[in-house]
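J.: So the protein sequences, as listed, match chains A and B.
Position in the first sequence (from 1) plus 470 gives the number in the working numbering.
Counting along the second sequence from 1, when you hit position 10 you're at 8 in the working numbering, and nothing is skipped either side.
Backbone N, C-alpha and C define an ideal beta-carbon position, used for all residues, glycine too.
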Amino acid sequence: MSFFNEKSIIETINMIKVQNLDIRTVTLALSLRDCCGEDVKEVGEKIYEKITKYAKNLYNFACEIEEEYSIPIINKRIAVTPISLIGESCKNPDYVYLAKVLDKAAQDVNVNFIGGFSALVEKGCTKGDDLLIESIPQALKQTQRVCSSINLASTKAGINMNAVKKMGSIIKQTAMLTKEQDGIGAAKLVCFCNVPGDNPFMAGAFHGYGEPEASLNVGVSGPGVVRSAVENLAKDADFGELANKIKQTAFKITTTGELVGRRMAEKMGIPFGIIDLSLAPTPAVGDSVAGIFQAMGLEHAGAHGTTAALAMLNDAVKKGGIMASSYVGGLSGAFIPVSEDAGMIEAAKQGVLTFDKLEAMTCVCSVGLDMIAIPGDTPETTISGMIADEMAIGMINKKTTAVRIIPVPDKTVGDYAVYGGLLGEAPIMKVNSLSSETFINRGGRIPEPIHSLNN
Amino acid sequence: MSEDKIIVTISGKDGVGIVAEIATVLAKYEVNIEDIKQTIMQGCFMMFLLGDISKSKYSFKEIKEAVCASGQKLGMEIWMQKKEIFDKMHTI
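#1: Within 8 Å of any Cβ in chain A, is that where the Cβ of Asp2/B sits?
#2: Residues of chain A with CB under 7 Å from Lys11/B, in chain order?
#3: Out of curiosity, what's the CA-to-CA distance linking Phe825/A and Met734/A?
#4: Scan the segment 799 to 886 of chain A and note each continuous alpha helix (DSSP H) run of 4 residues or more that stays entirely inside, going in chain order.
#5: Is the beta carbon of Val759/A less than 8 Å from the beta carbon of Ala896/A?
#6: Taking the alpha carbon of Asn784/A as the point to measure from, which residue in Lys869/A, Thr848/A, Cys595/A has its own alpha carbon closest?
#7: At what residues does the alpha helix (DSSP H) containing Ala589/A begin and finish?
#8: Does Glu538/A have its Cβ less than 8 Å from a Cβ in chain B?
#9: Would you check if the distance between the CB atom of Gly800/A and the CB atom of Ala623/A is smaller than 8 Å?
#10: If you drop the 5 nearest sequence neighbours on each side, which residues of the same chain put their C-beta closer than 6 Å to that of Cys663/A?
#11: In three-state terms, what does DSSP make of Cys663/A?
#12: Using a beta-carbon distance cut-off of less than 8 Å, what residues from the segment 62 to 76 of chain B approach chain A?
#13: Given a cut-off of 8 Å on the beta-carbon distance, is the pair Val873/A and Met856/A in contact?
#14: Once the 5 residues before and after Asp668/A are set aside, which same chain residues still bring their CB inside 7 Å of it?
#15: Note down the Cα distance separating Gly557/A from Gly761/A, rounded to an integer number of angstroms.
#16: Please name the residues in the segment 713 to 745 of chain A whose beta-carbon is closer than 8 Å to at least one beta-carbon of chain B, in chain order.
#17: Flag this pair as yes or no: are the beta carbons of Val878/A and Ala645/A separated by less than 8 Å?
#18: With C-beta atoms as the reference, is Cys835/A less than 8 Å away from Ala804/A?
#19: Assuming Phe46/B contacts Lys35/B under a Cβ cut-off of 8 Å, what Cβ separation, rounded to an integer in Å, is found between them?
#20: Quick one: using the 10 Å Cβ neighbour count with 16 as the cut-off for buried, is Lys11/B buried or exposed?
#21: Indicate whether Ile543/A and Glu537/A have their beta-carbon atoms separated by less than 8 Å.
#22: In terms of alpha-carbon separation, which member of Ala569/A, Glu592/A, Lys717/A lies closest to Val634/A?
#23: Could you spell out where the alpha helix (DSSP H) holding Thr726/A opens and where it closes?
#24: So what does DSSP say about Ala778/A, is it helix, strand or coil?
#25: Check each residue of the segment 471 to 503 of chain A: if its Cβ is closer than 8 Å to any Cβ of chain B, include it; give the result in chain order.
#26: Just how far apart, CA to CA, sit Lys570/A and Gln577/A?
#27: Along chain A, which residues have their Cβ under 7 Å away from the Cβ of Lys80/B?
#28: Whose C-alpha, out of Asp746/A, Gln718/A, Ala858/A, is nearest the C-alpha of Gly790/A?
#29: So Phe43/B contacts chain A; which residues on that side make the cut at Cβ distance below 9 Å?
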C-alpha cells in the first residue's frame, strides 16, 4: 500500500493546467563524428541514416510520456556535432547540401528543430568553419528546421573579432534572404561566448566535442509557476523569503523534468545527459519572465531594479533546481527573449524596456540579447558592435552569453515583426545610431582576459 | 513498483454514481483500487483514487482512454497520471 497527499495532487495539476508548466524540450544529442568521409553525398547519406535511426522513436516516446504523466512536452528536438567539423572531411564540401540533409532528417522523424549547423571559432577559423559560416544565409533560407550557432568568444581565448565582423554581415544577409517572413532566418542563428556543448534549447543546441555518442537532454519551462508562487506571497515578504519560495518552486519544476528526461532516455536506450534549469517563457498569457518581475513588485520589465530582480531569480532557480537533479547543464537560468515573452513584448511596445537595459540584464541572466527585432537598415558593423559587447560580457564574467537579433528587412522602429508560434512577435527596437565601423574593421582577436585582479 | 501506481483525479459537479462508474471501468480494466479520498472544494466535488495497474493486461494508454471516456460521460474533468510525478515533485 502506498500513500498519497491530495494537496500535492491538486498543486501539480494546477501547475500544469493553470500555470503552464510543461517540459519545453526533450533533445536527442547525437554525435555525427563517424559520418565523416571524402565525398559529401556519401557523408550526407550517413548523416541521414544515423539521425533517422537514433531519432526514429523520439516523437512517439515523448507522446507516450506526455500521456503517462499528463504533462505537455512542447518540443522534440535533435542536436548534432557541429557540422563544420563533419563537412571539413569532404574533398568537395557543400554545407548547404548538408543543411538540407539535416532538415530532411528532422522532418522525417517529426522534430521541429535540429541544431548543430555550427562552428566553434573563438580563437580562429579553419577552412571548414569559414565555408560553413559563409553558407549560413543560404542554408537557413533553404531549410525550415535547421538552427545555426557560432561560438565567437570564450573566457580562455578572448574574442575572435574577425568572426564577429563577419557575423554582422551574415546575420543581415540571412534576414534579407528570408525577408518575406520578417527575417526569420536570423531567429534561427545565434552567436555565443562560452557556449555549452549540452544545451537542449534552440537555436543554440549542438552536440559538444566532449559528449558521449548519444544522450538525452531536457529543458523545462515554468515562468508561470514561479510567477504564481511569487504572487501568492505577501507583498511585504522580504527577499530571503522570496528567494526561498523561488527555490522551492524551481525544485518542483526540475524534478518533473528529471523524471521525464530519465524516462525518455530509458525508452530510447541512451544515457540521460543533463537537465537545463532555464525558465523559458512563451508568448502565452502568464508564462512570462517579465511577469515574475511584476509579481516581485516592479511596475514593468525595464524599471530600475530589473537587473537585481533577474539576478536573484536566476540564482534562486539554480539553487532550487540543482537539488532536484543529478546532472544539471546547458544554459540553466532565466531566458529573456523579447519576442517570446508576452510581458517583454508589452514593455518593449510601451518603450519602457530598451535595448540598453536588455544588455545590462544579460550580465546576470543565462543567455543574452535574445529575439530582439531591430531596424532592417542597421549597419552590419553596428550589429557586430552589439555582438562584440555581448561577447565581452560573457568573456569577462566567465559565463555564457549569446546574441540572437533580427534586423527586420524594410521595417523600422514603430513596426512589428511577426513570427508566430513559440517565436512570437516583437516591436522593432531602437538601436544606438553612432557608428562602430572603424572599431569593428580593425579585425584580429581581443586577447584572452586576465584571471586575477578581479575588480 | 511505484511505476505501476496511478492516480485518478476527478472533479466537477457532485452527483449519483460517480464513484460507481469509475470503479466499474477500473474493475473492467483489471486495475486494483488501493485507496480513495473525496472532498468538496469550493463547491466542487473532488475524488482522488490510487490504483495499481501491475496485474492488468491492458496498457496504460488503453486504461487511460477508458477512464477519460467515462469522465466525459459523467461530464467531469478527469486526470489519470502515474503516481511517480507527485512523489518526485513533492519529496526531497
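T.: In brief:
#1: no
#2: Going along chain A, no residue has its Cβ under 7 Å from Lys11/B, so there is no contact; the nearest lies around 17 Å.
#3: 39 Å
#4: 812 to 819, 825 to 831, 850 to 867
#5: no
#6: Lys869/A
#7: Per DSSP, Ala589/A belongs to no alpha helix (DSSP H); it is in the beta strand (DSSP E), 583 to 590.
#8: yes
#9: no
#10: Ala623, Met861, Gly864, Met865, Thr871
#11: strand
#12: Lys62
#13: yes
#14: Ala499, Gly678, Glu681, Asn687, Gly743, Ile744, Gly799, Gly800
#15: 44 Å
#16: Phe721, Lys722, Thr725, Thr726, Glu728, Leu729
#17: yes
#18: yes
#19: 5 Å
#20: exposed
#21: no
#22: Glu592/A
#23: 709 to 738
#24: helix
#25: Met471, Ser472, Phe473, Phe474, Asn475, Glu476, Ser478, Ile479, Ile480, Glu481, Thr482, Ile483
#26: 10 Å
#27: Glu538, Tyr539
#28: Gln718/A
#29: Here the premise fails: no neighbours, minimum Cβ distance about 13 Å.
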